[in-house]
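Per this note's numbering, the sequence shown starts with residue 1, numbered consecutively. Each residue gets a CB set at the ideal place from its N, CA and C atoms; glycine is no exception. Nothing here was measured: the structure is a model prediction, and the numbers come from that model.
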Amino acid sequence: MLKWIWSYIGKYKFLMIFGLTLSVIVAGFAVVNPLISGTIVDKVINSPEHDFNLLVKLILLMVGATLFKAILRYSYQLIFEHVSQNVIRRMREDLYAHIQTLDFAWYDKAPAGNVLTLLTSDLDKVRHFVAWVLYQSLENSLVYTFSIVTLGMINWKLMLAFLGIAPFVLVLVQKFKGQIRPAHMKVRDQFAVLNTRVGENIEGNRVVKAFVRESYEIGKFDNDNDGYRKAAVNNADVRVKYTPWIDTLCGLLPVVLILFGGYLVIRGEMTIGELVTFNGLMWAFTQPINMFGMLVDNIQNFGASGDRLYELWKTKPSVKKGYETIEEANAVSSLGPASKLSDDFKCQGRVEFKNVSFAYNQVPVIKNMSFTIEPGMTVGILGPTGSGKSTIANLMCRYYDVSDGAILIDGKDVRDYVPEILRKNIGITMQEAFLFSDTVEGNIAFGNQDATFEEVEHAAELARVKEFIGDLTEGYDTIVGERGVGLSGGQKQRIALARLFLANPKIMILDDTTSAVDIETEQKIRQSIKEQSQGHTTFIISHRISSFENCDLVLVIQNGEISEMGTNEELLAKPGYYKDVYLEQNYGKE
Numbered sequence: 001m002l003k004w005i006w007s008y009i010g011k012y013k014f015l016m017i018f019g020l021t022l023s024v025i026v027a028g029f030a031v032v033n034p035l036i037s038g039t040i041v042d043k044v045i046n047s048p049e050h051d052f053n054l055l056v057k058l059i060l061l062m063v064g065a066t067l068f069k070a071i072l073r074y075s076y077q078l079i080f081e082h083v084s085q086n087v088i089r090r091m092r093e094d095l096y097a098h099i100q101t102l103d104f105a106w107y108d109k110a111p112a113g114n115v116l117t118l119l120t121s122d123l124d125k126v127r128h129f130v131a132w133v134l135y136q137s138l139e140n141s142l143v144y145t146f147s148i149v150t151l152g153m154i155n156w157k158l159m160l161a162f163l164g165i166a167p168f169v170l171v172l173v174q175k176f177k178g179q180i181r182p183a184h185m186k187v188r189d190q191f192a193v194l195n196t197r198v199g200e201n202i203e204g205n206r207v208v209k210a211f212v213r214e215s216y217e218i219g220k221f222d223n224d225n226d227g228y229r230k231a232a233v234n235n236a237d238v239r240v241k242y243t244p245w246i247d248t249l250c251g252l253l254p255v256v257l258i259l260f261g262g263y264l265v266i267r268g269e270m271t272i273g274e275l276v277t278f279n280g281l282m283w284a285f286t287q288p289i290n291m292f293g294m295l296v297d298n299i300q301n302f303g304a305s306g307d308r309l310y311e312l313w314k315t316k317p318s319v320k321k322g323y324e325t326i327e328e329a330n331a332v333s334s335l336g337p338a339s340k341l342s343d344d345f346k347c348q349g350r351v352e353f354k355n356v357s358f359a360y361n362q363v364p365v366i367k368n369m370s371f372t373i374e375p376g377m378t379v380g381i382l383g384p385t386g387s388g389k390s391t392i393a394n395l396m397c398r399y400y401d402v403s404d405g406a407i408l409i410d411g412k413d414v415r416d417y418v419p420e421i422l423r424k425n426i427g428i429t430m431q432e433a434f435l436f437s438d439t440v441e442g443n444i445a446f447g448n449q450d451a452t453f454e455e456v457e458h459a460a461e462l463a464r465v466k467e468f469i470g471d472l473t474e475g476y477d478t479i480v481g482e483r484g485v486g487l488s489g490g491q492k493q494r495i496a497l498a499r500l501f502l503a504n505p506k507i508m509i510l511d512d513t514t515s516a517v518d519i520e521t522e523q524k525i526r527q528s529i530k531e532q533s534q535g536h537t538t539f540i541i542s543h544r545i546s547s548f549e550n551c552d553l554v555l556v557i558q559n560g561e562i563s564e565m566g567t568n569e570e571l572l573a574k575p576g577y578y579k580d581v582y583l584e585q586n587y588g589k590e
């Protein structure tokens, strides 16, 4: 974890070294003013001459040292703050880009609230470590060391008396370190749970209100909130258990100074000025000790967040990429020069499933499935809920990898394609039409950012978006709410369909695309799909038999297997699931 984080900090190592050098100088100046104070007492106040000029010079030296320290401290704090912000910016960008590479299997299990916590709160702990904890740890360690050396040079006996508390402090800090990190980890995890709960409730607020479940949701939030409170209280209890003891030990030092220091002065082994210097250096001695507990707390907090972030970073997609780049794929292509890929690569559209099986969470979903679809065919897929229809689409796009068998596109295993190139050639409209918080035009052009407005408008016309665009306040420039809030289900589906038409992939998959539109609109959209399907391989997944009228082939999926296969007319001519659904939908009977 530390090596990974250092890979970001190391890019600014010269700035860091410069900042730490300034911090070392400031630490060295911590002993200057106490030494000058002791000199004033011995050389001016207790001196028979009472040299006023010397007093003025020493006072000016103290003021100059204080101002010099202030300037240096401002400089290195500014350096560390700038470095920390740059480090976190790069880490956040890389983590966000890494998340984009992860597949559906990860997203299925990753709570959104936890991801948000990682990219915000946990990253801020790393920023705080770079911006403050790093230089404070060095500076306090050096101040402590310099104060011990200076005290030893003045009077080693009193210095050893001061050091008598050190073993006790080290024992307390070690115990504190062992208990505070798990406590911090628990707080971070519970905070992520709380974030997930809030995000889930905001997304599902319409469902909550529709079923009058506000009090139930409030109860669940209160339970999670109480869990966070308990974790935070436990975290605070660990700190409270140790820090007062450290403060108490440090509080004994003035007693040691007065008793033992006074005794040494009486015996003539120390001057009053040296005692004053000891008194001034007592802060430089005790402050780092008091800070050790806080620094250990912050370091362990950083460690807990760093572990969580590194766990995300080292997460690898279960879908192996095969070839990371187009160049790499071309270098080892087994299909000869004709198969060379580029950003403009267009597949022919031949799809073949060869003995494909797939299990989700060890539950079989697709079982030994085989079929071949030639380029340009329109294929319908029908089946009861949970039969595996959408899984076929997900496997074709390689959102998941098959458990057994192979899926071939143009005779080549999908696992041998660069995923981005594969998915540019296979477009899909999901069951749940997702829209971004953007304009209608922006949502339609999402898959083709170079499209002209005329092309966007044409796609909108094919998907029957133009039928309601005039009802929107700003037309194509209307900002739709997050996840398409403000639009009906049918309107969202039509915008999602227009997005697919504009992307114009060679293989199109329409997953329940017209489930939320009326019959008349569905008939118009079916005609548009027929037009758009010319020269494309098209898969239409639907529960409506009417969607398959123009299909060249229909696959009936039951329990993860193909139970029937044929044209619309062939399947209606024989008994089976397809005919039963047709009769149910058209005549209301089996």
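To which residues does DSSP link residue i through a beta bridge?
i           : result
residue 380 : 540 and 554
residue 402 : Its beta-bridge partners do not exist; DSSP assigns none.
residue 412 : 409
residue 16  : Per DSSP, none; premise fails for residue 16.
residue 373 : 351
residue 363 : 360
Determine the extent of the beta strand (DSSP E) in which residue i is found, giving its start and end residues.
i           : result
residue 427 : 426–429
residue 360 : 351–360
residue 446 : Neither: residue 446 is in no beta strand (DSSP E) and is coded neither H nor E.
residue 566 : 561–566
Can you give me the C-alpha to C-alpha distance between residue i and residue j, rounded to a whole angstrom?
i           : j           : result
residue 158 : residue 261 : 7 Å
residue 252 : residue 259 : 11 Å
residue 19  : residue 494 : 57 Å
residue 573 : residue 579 : 8 Å
residue 431 : residue 320 : 25 Å
residue 270 : residue 278 : 10 Å
residue 333 : residue 412 : At residue 333, the pLDDT of 45 sits below 50, so the modelled position is not reliable and the matter cannot be decided from this model.
residue 338 : residue 133 : Unreliable placement is indicated for residue 338, whose pLDDT of 34 sits below 50; the coordinate value is still reported in the next sentence. Each residue's Cα considered, the two are about 58 Å apart.
residue 285 : residue 31  : 10 Å
residue 510 : residue 369 : 20 Å
residue 87  : residue 8   : 6 Å
residue 50  : residue 41  : 10 Å
residue 102 : residue 316 : 7 Å
residue 70  : residue 298 : 24 Å
residue 518 : residue 587 : 19 Å
residue 288 : residue 479 : 55 Å
residue 181 : residue 231 : 12 Å
residue 153 : residue 188 : 47 Å
residue 313 : residue 191 : 20 Å
residue 335 : residue 104 : With a pLDDT of 41 at residue 335, under the threshold of 50, the predicted position of this residue should be treated as unreliable, and no value is reported.
residue 492 : residue 435 : 7 Å
residue 310 : residue 1   : 6 Å
residue 404 : residue 108 : 21 Å
Let's see if you can read the secondary structure: which residues bound the alpha helix (DSSP H) around residue i?
i           : result
residue 247 : 214–251
residue 433 : Where residue 433 is concerned, there is no enclosing alpha helix (DSSP H), given that its DSSP letter is neither H nor E.
residue 586 : 577–587
residue 137 : 134–154
residue 124 : 123–128
residue 188 : 166–203
residue 390 : 389–396
residue 89  : 52–101
residue 37  : 32–40
residue 117 : 112–117
residue 104 : 104–109
residue 479 : Where residue 479 is concerned, there is no enclosing alpha helix (DSSP H), given that its DSSP letter is neither H nor E.
residue 29  : Where residue 29 is concerned, there is no enclosing alpha helix (DSSP H), given that its DSSP letter is neither H nor E.
residue 8   : 2–9
residue 258 : Careful: residue 258 lies outside any alpha helix (DSSP H) and carries neither H nor E.
residue 456 : 453–462
residue 466 : 466–469
Would residue i count as contacting chain C if we go by Cβ distances under 8 Å?
i           : result
residue 534 : Protein chain content of the structure displayed is limited to a single chain, and chain C is not contained in it.
With a cut-off of 8 Å, do at least 3 Cβ pairs link the stretch 499–511 to the stretch 446–461?
Under the three-pair Cβ rule at 8 Å, the stretch 499–511 counts as touching the stretch 446–461.
Complete runs of the alpha helix (DSSP H) confined to the stretch 266–325 [at least 4 residues]:
If we require 4 residues or more, the alpha helix (DSSP H) runs fully inside the stretch 266–325 come out as 272–313.
Spell out a yes or no on whether the stretch 550–559 and the stretch 375–390 are touching, meaning 3 or more CB-CB pairs, one atom from each, closer than 8 Å.
yes
Is the stretch 75–83 close to the stretch 29–47, with three or more CB pairs under 8 Å?
no
Are there three or more Cβ pairs, one per stretch, closer than 8 Å when the stretch 218–225 is compared with the stretch 178–198?
yes
How do the stretch 225–245 and the stretch 173–180 stand: do at least 3 beta-carbon pairs fall below 8 Å, yes or no?
yes
What are the start and end residues of each continuous beta strand (DSSP E) run of 3 or more residues lying completely inside the stretch 483–550, in chain order?
Entirely contained in the stretch 483–550, the beta strand (DSSP E) runs reaching 3 residues are, in chain order, 507–511 and 537–541.
Touch test, the stretch 391–401 against the stretch 414–429, Cβ-Cβ under 8 Å, three pairs minimum
By the Cβ test, the stretch 391–401 is in contact with the stretch 414–429, since at least three Cβ pairs between them sit closer than 8 Å.
Do the stretch 349–365 and the stretch 139–147 touch if we need at least three Cβ pairs shorter than 8 Å?
no
Under 8 Å: do the stretch 561–577 and the stretch 532–543 share three or more Cβ pairs, one atom per stretch?
Between the stretch 561–577 and the stretch 532–543, the count of Cβ pairs shorter than 8 Å is below three; the stretches do not touch.
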